[in-house]
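Enquirer: Right, I'll just put the structure down here and ask away after.
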Amino acid sequence: MTGNRINRAYRLRRRPVGQLTDGDLELVEEQVPELADGQALVRTKLLSLDPTSRVWMSDMRSYEPPVPIGAVMRGFGVGEVVASRREDMPVGATVSGFTGWQELVLADDSQLEAPLTVLPTPLPAPESAFLGVLGHTGISAYLGIDLAELKEGETIVISAACGAVGSIAGQIARQKGAGRVIGIAGSPSKCQHAVKVLGYDACIDHHAADWRAQLDAATPDGIDVDFENVGGPVMDHILMRLNIGARVSLCGMISEYNSYNKGGEHTGSLTNIVQLIMQRATIKGFLVLDWAHRFEEAITYLAGLLGEGKLHYDETIVGGGIEAAPHALHQLFSGANLGKLLVRVAD
Numbered sequence: 011m012t013g014n015r016i017n018r019a020y021r022l023r024r025r026p027v028g029q030l031t032d033g034d035l036e037l038v039e040e041q042v043p044e045l046a047d048g049q050a051l052v053r054t055k056l057l058s059l060d061p062t063s064r065v066w067m068s069d070m071r072s073y074e075p076p077v078p079i080g081a082v083m084r085g086f087g088v089g090e091v092v093a094s095r096r097e098d099m100p101v102g103a104t105v106s107g108f109t110g111w112q113e114l115v116l117a118d119d120s121q122l123e124a125p126l127t128v129l130p131t132p133l134p135a136p137e138s139a140f141l142g143v144l145g146h147t148g149i150s151a152y153l154g155i156d157l158a159e160l161k162e163g164e165t166i167v168i169s170a171a172c173g174a175v176g177s178i179a180g181q182i183a184r185q186k187g188a189g190r191v192i193g194i195a196g197s198p199s200k201c202q203h204a205v206k207v208l209g210y211d212a213c214i215d216h217h218a219a220d221w222r223a224q225l226d227a228a229t230p231d232g233i234d235v236d237f238e239n240v241g242g243p244v245m246d247h248i249l250m251r252l253n254i255g256a257r258v259s260l261c262g263m264i265s266e267y268n269s270y271n272k273g274g275e276h277t278g279s280l281t282n283i284v285q286l287i288m289q290r291a292t293i294k295g296f297l298v299l300d301w302a303h304r305f306e307e308a309i310t311y312l313a314g315l316l317g318e319g320k321l322h323y324d325e326t327i328v329g330g331g332i333e334a335a336p337h338a339l340h341q342l343f344s345g346a347n348l349g350k351l352l353v354r355v356a357d
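Numbering-wise (the numbering used here), the sequence shown opens with residue 11 and increments by one.
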């Protein structure tokens, strides 16, 4: 029986201007209806917090329509089937996909944004890995390096070097034969972690007063590939270091996501974009959702590195249940997290 269950979910009440504030999201309690044929009920166990969450809250032009006002906040998660009238989702199965910011998910393919994926039994890795290193973030790192056509011996710079995507991308670049792998992160401790644990040749703290000079010194022969996650002044200076024929793999621009006004117009700017012309460089934006046909390839590669002990991944798992999600999201923009940021919704 599911009719006596109560779901708690965050619904979007207004579009944030700048950082997320109290009142933008509302935590509501709602009755779960009885299951119909073709439906299952999933308890969310882990919720993925991603920079794109802030984009989805806004009405900016994007690859996905904005979350409608009043709708459950969009988000990826991993959960367990707790009731089912679907043969493909038996009770006890672990699933992943667009669970939303909620404790219980009605798994009905006709109503969900995308069908949930049933994960293998037994799981070959911890549940959290399927939202991180073996999920959309790890796949993004793999695709971004591949699409940049990184060549052996080249210099690559990776911003947000200790983030969910950047930390994996840096290690893949090393495996692919990069000559120099340079990271940019948000604290001395993160930079130390990038070099000593993740294998970067150097890492620049972008809060240091002389970070531009440090980046110049770390890339004496210029930059061949920029794996871009941050945007803003960091990306602007990287553009000035590009070599002829350089490639920019544009994965994200997290520093820009709070810079949209109520009309969805961007208030930031890049002043050195003309360097793409001067250096005959290319910039390619990519979205992991466009590359589903390569997911198996990417996961096989990443799982292989994990199995060989050649890939390290970090996680920041925030406790406190679904209530913790809005506050935890701020960690992405303040740089408080290390690696993949998750909220533990249920055990």
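Note that beta-carbon positions come from the ideal geometry of N, C-alpha and C, so glycine has one too.
1. Find out if the Cβ-Cβ distance for the pair I151, Q49 is shorter than 8 Å.
2. Count Cβ pairs between the stretch 171 to 183 and the stretch 155 to 163 that sit closer than 8 Å; are there 3 or more?
3. Starting from the Cα of P243, find the closest Cα among G262, I214 and T281 and give me that residue.
4. Name the two residues that bound the continuous beta strand (DSSP E) containing Y20.
5. Does the separation of the CB atoms of Y323 and I178 fall below 8 Å?
6. Which class does E36 belong to by DSSP, given the choice of helix, strand or coil?
7. What does DSSP give as the partner residues of F108 in its beta bridges?
8. Could you tell me which uninterrupted beta strand (DSSP E) segments, each at least 3 residues in length, are contained entirely in the stretch 166 to 245, listed from first to last along the chain?
9. Please name the residue in H216, I192 and I233 whose C-alpha comes closest to that of K206.
10. Let me check understanding here. Comparing Cα to Cα, which of M263, R95 and D246 lies closest to D119?
11. Give the straight-line distance between the Cα atoms of M288 and A256, rounded to the nearest whole angstrom.
12. Which whole-angstrom value describes the C-beta separation of I233 and H216, a residue pair presumed to lie in contact below a C-beta threshold of 8 Å?
13. Rounding to the nearest angstrom, what Cα-Cα distance links G331 and H340 in this structure?
14. Rounding to the nearest angstrom, what Cα-Cα distance links P130 and A103 in this structure?
15. How long is the line joining the alpha carbons of C172 and V355, rounded to whole angstroms?
16. Cβ of M67 within 8 Å of Cβ of D34?
Expert: Per the coordinate set shown:
1. By 1-based counting over the sequence shown, the position of residue 151 is 141. By 1-based counting over the sequence shown, the position of residue 49 is 39. According to the sequence provided, residue 151 is Ala. The question's Ile does not apply to it. Not a contact, by the Cβ cut-off of 8 Å.
2. yes
3. Numbered from 1 along the sequence shown, position 233 holds the residue referred to as residue 243. The candidate whose alpha carbon is nearest that of P243 is T281.
4. The residue given as residue 20 occupies position 10 in the sequence shown. Note, Y20: beta strand (DSSP E), I16 to L22.
5. If you number the sequence shown from 1, residue 323 lands on position 313. If you number the sequence shown from 1, residue 178 lands on position 168. Yes, Cβ-Cβ distance for Y323 and I178 is below 8 Å.
6. Reading the sequence shown from its first residue, position 26 is the one you call residue 36. Strand.
7. Here the question's residue 108 lines up with position 98 in the sequence shown. For F108, which the question treats as bridged, DSSP gives the partners F86.
8. 190 to 195, 212 to 215 and 233 to 238
9. By 1-based counting over the sequence shown, the position of residue 206 is 196. Comparing Cα-Cα distances from K206 to each of H216, I192 and I233, the minimum goes to I192.
10. Taking the sequence shown and counting its residues from 1, one reaches residue 119 at position 109. Closest by alpha carbon: R95.
11. Reading the sequence shown from its first residue, position 278 is the one you call residue 288. Reading the sequence shown from its first residue, position 246 is the one you call residue 256. Taking the straight line from one Cα to the other gives about 11 Å.
12. Position 223 of the sequence shown, counted from the first residue, corresponds to residue 233. Position 206 of the sequence shown, counted from the first residue, corresponds to residue 216. So it is not a contact: roughly 15 Å between Cβ atoms.
13. For the purposes of this step, residue 331 is taken as residue 321 along the sequence shown, with counting starting at 1. For the purposes of this step, residue 340 is taken as residue 330 along the sequence shown, with counting starting at 1. When rounded, the distance between both Cα atoms is 16 Å.
14. Counting from 1 along the sequence shown, the entry for residue 130 is found at position 120. Counting from 1 along the sequence shown, the entry for residue 103 is found at position 93. Roughly 9 Å between the two C-alpha positions.
15. Here residue 172 is taken as the residue at index 162 of the sequence shown, counted from 1. Here residue 355 is taken as the residue at index 345 of the sequence shown, counted from 1. Near 24 Å, if we compare the C-alpha coordinates of V355 and C172.
16. Along the sequence shown, one-based indexing puts residue 67 at 57. Along the sequence shown, one-based indexing puts residue 34 at 24. Contact flag set, yes.
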